[in-house]
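So the sequences go chain by chain: X and V.
Counted the way our numbering counts, the first sequence spans residues 1 to 623.
Counted the way our numbering counts, the second sequence spans residues 624 to 960.
All residues carry an ideal CB built from backbone N, CA and C; glycine is no exception.
Here the structure is a predicted model, which means the values were calculated and not measured.
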Amino acid sequence: MTDTAPRELPLQELDEVIIRFAGDSGDGMQLTGDQFTSISAALGNDLATLPEFPAEIRAPQGTLAGVSAFQVRISDFAITTPGDAPTVLVAMNPAALKAQLKNLVQGGAIIVNTDAFNERNLEKAGYESNPLEDGTLDGYRNYPVPMSQITRDAVAEHGVKPRDAERSKNFFALGLISWMYTRPVEPTMEFINTKFRGKELVIKANEAAFHAGYNFGETAELFESHYEIKPAELPSGEYTNVNGNTALAWGCAAAGQLARLPIFLGSYPITPASDILHDLSELKHFGIRTFQAEDEIAAVASAVGAAFGGALSFTTTSGPGVALKGEGMGLAVSLELPLIVIDIQRGGPSTGLPTKPEQADLMMAMYGRHSESPMPIIAPRSPADCFNAAIEACRIALRYRTPVMLLSDGYLATSSEPWLLPDIDSLPDIGVDFHTGFNGTNEDGEGIFLPYLRDPETLARPWAIPGTPDLMHRIGGIEKEDGTGNISYDPENHQKMVDLRAAKIEAVDVPDAEVAGDMDADFCMLGWGSTWGAIDAAVDRLQQAGKKAAHVHLTHLNPLPKNLEEVLSKFETVICPEMNAGQLVNLIRAKYLLDIKPVNKMNGVPFTTAEIESAALKAMEAS
Amino acid sequence: MTDTPTRTEPADWATDQEVRWCPGCGDYSILTAMRMLMPELEVDREKTVFISGIGCAARFPYYMNTYGMHGIHGRAPAIATGLAMARPDLDIWVIGGDGDMMSIGGNHLIHALRRNVNLKILLFNNMIYGLTKGQFSPTSEVGKVTKSSPMGSLDAPFNPVSVALGAEASFVARTHDMDRQHMMEMFRRAHAHKGASIVEVFQNCNVFNDGAFEGITKKQNRDGNLISLEQGKPIQFGADGEFGVVVENGAAKVVAVADVGEAALLVHDETKADPSTAFMLSRLSRGPFEPTPIGVFRAIERIEYATSSTAQLAMAQNDKGSGDLSSLLRSRGTWQV
Numbered sequence: 001m002t003d004t005a006p007r008e009l010p011l012q013e014l015d016e017v018i019i020r021f022a023g024d025s026g027d028g029m030q031l032t033g034d035q036f037t038s039i040s041a042a043l044g045n046d047l048a049t050l051p052e053f054p055a056e057i058r059a060p061q062g063t064l065a066g067v068s069a070f071q072v073r074i075s076d077f078a079i080t081t082p083g084d085a086p087t088v089l090v091a092m093n094p095a096a097l098k099a100q101l102k103n104l105v106q107g108g109a110i111i112v113n114t115d116a117f118n119e120r121n122l123e124k125a126g127y128e129s130n131p132l133e134d135g136t137l138d139g140y141r142n143y144p145v146p147m148s149q150i151t152r153d154a155v156a157e158h159g160v161k162p163r164d165a166e167r168s169k170n171f172f173a174l175g176l177i178s179w180m181y182t183r184p185v186e187p188t189m190e191f192i193n194t195k196f197r198g199k200e201l202v203i204k205a206n207e208a209a210f211h212a213g214y215n216f217g218e219t220a221e222l223f224e225s226h227y228e229i230k231p232a233e234l235p236s237g238e239y240t241n242v243n244g245n246t247a248l249a250w251g252c253a254a255a256g257q258l259a260r261l262p263i264f265l266g267s268y269p270i271t272p273a274s275d276i277l278h279d280l281s282e283l284k285h286f287g288i289r290t291f292q293a294e295d296e297i298a299a300v301a302s303a304v305g306a307a308f309g310g311a312l313s314f315t316t317t318s319g320p321g322v323a324l325k326g327e328g329m330g331l332a333v334s335l336e337l338p339l340i341v342i343d344i345q346r347g348g349p350s351t352g353l354p355t356k357p358e359q360a361d362l363m364m365a366m367y368g369r370h371s372e373s374p375m376p377i378i379a380p381r382s383p384a385d386c387f388n389a390a391i392e393a394c395r396i397a398l399r400y401r402t403p404v405m406l407l408s409d410g411y412l413a414t415s416s417e418p419w420l421l422p423d424i425d426s427l428p429d430i431g432v433d434f435h436t437g438f439n440g441t442n443e444d445g446e447g448i449f450l451p452y453l454r455d456p457e458t459l460a461r462p463w464a465i466p467g468t469p470d471l472m473h474r475i476g477g478i479e480k481e482d483g484t485g486n487i488s489y490d491p492e493n494h495q496k497m498v499d500l501r502a503a504k505i506e507a508v509d510v511p512d513a514e515v516a517g518d519m520d521a522d523f524c525m526l527g528w529g530s531t532w533g534a535i536d537a538a539v540d541r542l543q544q545a546g547k548k549a550a551h552v553h554l555t556h557l558n559p560l561p562k563n564l565e566e567v568l569s570k571f572e573t574v575i576c577p578e579m580n581a582g583q584l585v586n587l588i589r590a591k592y593l594l595d596i597k598p599v600n601k602m603n604g605v606p607f608t609t610a611e612i613e614s615a616a617l618k619a620m621e622a623s
Numbered sequence: 624m625t626d627t628p629t630r631t632e633p634a635d636w637a638t639d640q641e642v643r644w645c646p647g648c649g650d651y652s653i654l655t656a657m658r659m660l661m662p663e664l665e666v667d668r669e670k671t672v673f674i675s676g677i678g679c680a681a682r683f684p685y686y687m688n689t690y691g692m693h694g695i696h697g698r699a700p701a702i703a704t705g706l707a708m709a710r711p712d713l714d715i716w717v718i719g720g721d722g723d724m725m726s727i728g729g730n731h732l733i734h735a736l737r738r739n740v741n742l743k744i745l746l747f748n749n750m751i752y753g754l755t756k757g758q759f760s761p762t763s764e765v766g767k768v769t770k771s772s773p774m775g776s777l778d779a780p781f782n783p784v785s786v787a788l789g790a791e792a793s794f795v796a797r798t799h800d801m802d803r804q805h806m807m808e809m810f811r812r813a814h815a816h817k818g819a820s821i822v823e824v825f826q827n828c829n830v831f832n833d834g835a836f837e838g839i840t841k842k843q844n845r846d847g848n849l850i851s852l853e854q855g856k857p858i859q860f861g862a863d864g865e866f867g868v869v870v871e872n873g874a875a876k877v878v879a880v881a882d883v884g885e886a887a888l889l890v891h892d893e894t895k896a897d898p899s900t901a902f903m904l905s906r907l908s909r910g911p912f913e914p915t916p917i918g919v920f921r922a923i924e925r926i927e928y929a930t931s932s933t934a935q936l937a938m939a940q941n942d943k944g945s946g947d948l949s950s951l952l953r954s955r956g957t958w959q960v
């Protein structure tokens, strides 16, 4: 630094930037990324985020396994994905650089903490020579910054011990990036003061580090310009930034109010679903009871018990937990009680990839219970859509007295996007009435209660809860006689009950499938769940390249929309990108004999727009 | 609001369902004791729920004219926990056998006990698997010859009372199917207890393990081998009270009263906060062939689970006001476009 006076650098306008903050899992990269996201949201940019962290809380420091990253894309136009590849990489140490460099676009910017590039760290990251000096970074725009040293110097005057001082270096990085993209300083100051309330020294250190980073950008003759990204043109209204798990938890809370029922959640902690348990546990003032059960089985069992008692019942988990809940879900199918099973899908089999997404539980959701045990399946398409999906799952569960599976995934769970807040009054009323009177008569003409006498329209059985006078009845997992619910091993009755349970689910009212993109295209992409953003963006790109492409995205996977066969039949070619080995493809082929083509990916990373675009182009050529 | 429960007769608690246990099964006498007790408890049928798992005992709910759920194997305590949390106003009984509750559902049982959920848990212990036709159970004695253990079972058995005490149960009792009055008394005590109560019922399976408890429950064996625990009284048994129990070297031991004198006998105190003495008593007998205590081992007061859960909800509402959806959606900051 030779010049300390502020310089007038050219302000360059960008339509978007994709920044990836990467560091050690203890470096605070998630926090840095989150805060940058919040500031950008408040500025009116559209945005999407993609956090990426190891399954270990603190993997060995400085190693590739310990790298934690946070990608955020901000733009002045509407976007649906966090971007394929970052254009800016902030690397706090050699391991972060090594792990993330391959993701960076050619010619992208690299801001590195040069102080971390010592022999020991280079060795831990598996570098034989220093990549900052050996030409590894040729072809990128390099901004070497001694972040640790400047941070230490900046915080020293506040009496912070050198050992603690360096912990503020993520705020240095945030300050620098805030300067680069002309983000205001004030919101971060507020954030620091709120987040670290009561820890004066930490507040001082983080503020000083942030300012040091901000001023460094301005004064160091390292950067040729800084940038501005104008607000995006989004529908007007009030927005918040929300990730999928929080939106789900809020959707559950909303559903309780919309159904006027107390909520019960039986859950066992599991990545990446635990945050829903945490969020709902904070909402006791909504009358929400959360129960951290002794295991996944007790979690679903307790939820079934609560549903019997008249609560709107949930159990939240990920794939391994769903495997354990199979018998409990089967019981709920047999009891015909409302229950919402939320599966935040992750890579498998077995423990698999706890922090990485997959969409490979679809078959388990469809068929993962013994015998014929159909359950409706709902899948949200974006983080904010998790809110709607939770309400829709509850609506179906309550209206049809059935367990419903909600399939989110690790990508939706942790990514965030701006959400135009809904008008609370416009949310649907999903309340149902408990049954309170006799619905039959015995031979003597006396009133009796038939717990399995169905509503002719929905085929749902009456929900009469304990405490209701005169309607005492027994239900169970053992086969029941239609109407009375008494134990029955009668062959014809069993056939009838199997048929009724199937017919009830098959007749669940689901909205028709809609076609996005070009209605008159020959080519269509069929998706479900979290692939929505990437497919949607790929359609845009194809259209920009003069191709016609349509997009059908399913929220309801069981039953499928009634018009789906007709809709898909119109297209010459249909491909189906999904993060599994072709599970929806199998369902569609089996049900409609339509030869749709699988596009599969299971590397724990969501589809990029480019991958889908290229699969689309290939399929178009082949047809 | 005080509701006066409708007066009922035992017959009001019976359903129209044919009871399908094997003729001579001990479950019949337990069912009768329960139906006879219910009118005495002055509770409403609609406020009473029986939850069971799987097994012969688990058919119990079908025979009680209350709300009921025949669940899945081992999970009754977990199902009932959810119900008890959602509906603290209900009277919930959990019924299961030794396979259901000590084996596949052992985990749920111990957690329901340690949490002190307001459940009345009846464990019908017949020391055998009945419904699956006669395999050894987790309470069967070592060496038990069954179809799945033709050379004798290798498994050391659980003592359900010991397990319950180890799981921090606040009410633990034992009774047997040959003594209706005693069963009714134990069920009554379990019902009166606020929190989790567990009653082990020695129950004869006359098909697969007939006479398993005869050594202690048959009329002529009771005096010598059944030790009836009574609150505040020295633990004494025998036709003329000639035997008693003392604590010696950290263990309970049967002695002749003549040898030690009445004053040396252990005075039973079910209300002791420390479960050690109750545990010692549970270890007194190695099986139903030697002097075995029945009655209430432990009855202490401990905060009940759903009560605590309700208190937290009230506290949260007091602090934050009733949940408001609109402010929830704005709780992480918003901006206008």
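Residue i, buried or exposed, once every other Cβ within 10 Å from all chains shown has been counted against 16
i	result
Val890 of chain V	exposed
Pro456 of chain X	exposed
Asp46 of chain X	buried
Glu871 of chain V	exposed
Phe77 of chain X	exposed
Ser225 of chain X	exposed
Glu578 of chain X	buried
Asp3 of chain X	Any reading at Asp3 of chain X must be qualified, since the residue scores a pLDDT of 46, below 50, and its modelled position is unreliable; the value itself is stated next. So Asp3 of chain X counts as exposed.
Gln35 of chain X	buried
Thr194 of chain X	exposed
Check: residue i C-beta below 6 Å from any heavy atom of the ligand FAD
i	result
Leu617 of chain X	With respect to small molecules bound, the structure shown includes none, and the ligand FAD cannot be examined in it.
Proximal chain V residues relative to residue i, where beta-carbon distance stays under 9 Å
i	result
Glu481 of chain X	Within chain V, no residue comes near Glu481 of chain X; the closest Cβ sits about 11 Å away, beyond 9 Å.
CB of residue i within 7 Å of CB of residue j, strictly
i	j	result
Arg369 of chain X	Met405 of chain X	no
Asn748 of chain V	Phe825 of chain V	yes
Thr87 of chain X	Gly108 of chain X	yes
Asn243 of chain X	Thr402 of chain X	no
Asn580 of chain X	Ala360 of chain X	yes
Ile917 of chain V	Thr762 of chain V	no
Gly757 of chain V	Thr769 of chain V	yes
Asn563 of chain X	Gly582 of chain X	no
Chain-ordered chain V contacts of residue i [CB-CB under 7 Å]
i	result
Leu331 of chain X	Gly694, Ile695
Thr468 of chain X	Glu669
Asn486 of chain X	Gln640
Ile475 of chain X	Met692
Contact list for residue i against chain X, beta-carbon separation under 8 Å
i	result
Thr644 of chain V	Here residue 644 of chain V is Trp; the residue named in the question, Thr, does not match the sequence. The contacting residues do not exist; Trp644 of chain V stays about 13 Å from chain X at best.
Amino acids of chain X, ordered along the chain, whose beta-carbon sits closer than 9 Å to that of residue i
i	result
His814 of chain V	Residues of chain X passing the Cβ test: none, with the nearest at roughly 16 Å.
His734 of chain V	Ala293, Glu294, Asp295, Ala298
Neighbouring residues, chain V, relative to residue i (Cβ below 8 Å)
i	result
Ile478 of chain X	His693
Cross-chain neighbours of residue i in chain X, by beta carbon under 7 Å
i	result
Lys961 of chain V	Here chain V has residues from 624 to 960 only, and residue 961 of chain V is not among them.
Notebook entry, point to check: If contact means a Cβ-Cβ distance below 9 Å, which residues of the stretch 295-325 of chain X contact chain V?
Noted result: Against chain V - using a Cβ distance shorter than 9 Å - the residues of the stretch 295-325 of chain X are Asp295, Ile297, Ala298, Ala299, Val300, Ala301, Ser302, Ala303, Val304, Gly305, Ala306, Ala307, Phe308, Gly309, Gly310, Ala311, Ser313.
Margin query: What are the residues in the stretch 676-705 of chain V lying within 7 Å of chain X by C-beta distance?
Written below: Those residues of the stretch 676-705 of chain V that come within reach of chain X (Cβ to Cβ, closer than 7 Å) are Pro684, Tyr685, Asn688, Thr689, Tyr690, Gly691, Met692, His693, Gly694, Ile695, Arg698, Ala701, Ile702, Ala703, Thr704, Gly705.
Next item on the list: Indicate whether the contact test is met: 3 or more Cβ pairs, each with one atom in the stretch 652-662 of chain V and one in the stretch 804-818 of chain V, closer than 8 Å.
Entry: In this structure the stretch 652-662 of chain V touches the stretch 804-818 of chain V; the number of beta carbon pairs closer than 8 Å is three or more.
Checklist line | Near-chain V residues of the stretch 236-265 of chain X - C-beta to any C-beta below 8 Å | finding: Along the stretch 236-265 of chain X, going in chain order, the ones with a CB nearer than 8 Å to a CB of chain V are Ser236, Gly237, Glu238, Tyr239, Thr240, Asn241, Val242, Thr246, Trp250, Ala253, Ala254, Gln257, Pro262, Phe264.
Item checked: Three CB pairs or more closer than 8 Å across the stretch 434-453 of chain X and the stretch 466-485 of chain X -> When Cβ pairs closer than 8 Å are counted between the two stretches, the stretch 434-453 of chain X is seen to touch the stretch 466-485 of chain X, the count reaching three or more.
Check: If you measure beta-carbon to beta-carbon, which residues of the stretch 408-439 of chain X are closer than 7 Å to chain V?
Finding: Along the stretch 408-439 of chain X, the positions whose C-beta sits under 7 Å from a C-beta of chain V are Leu421, Ile424, read in chain order.
Margin query: To be precise: take each residue of the stretch 360-389 of chain X, compare its Cβ to all Cβ atoms of chain V, and keep it if any distance is under 7 Å. Which residues remain?
Written below: For the stretch 360-389 of chain X, the set of positions with a beta-carbon nearer than 7 Å to some beta-carbon of chain V is empty.
Notebook entry, point to check: Touching or not, the stretch 294-311 of chain X and the stretch 728-743 of chain V, by the rule of three or more beta carbon pairs under 8 Å?
Noted result: Enough Cβ pairs lie closer than 8 Å, so yes.
Next item on the list: May I ask you to list, following chain order, the residues of the stretch 659-672 of chain V that have a beta carbon less than 7 Å from some beta carbon of chain X?
Entry: Cβ contacts with chain X come from Arg668, Glu669, Lys670, Val672.
Notebook entry, point to check: Any residues in the stretch 16-49 of chain X with a beta carbon nearer than 9 Å to a beta carbon of chain V? Which ones, in chain order?
Noted result: Under the 9 Å Cβ criterion, the stretch 16-49 of chain X contributes Ser38, Ala41, Ala42, Leu43, Gly44.
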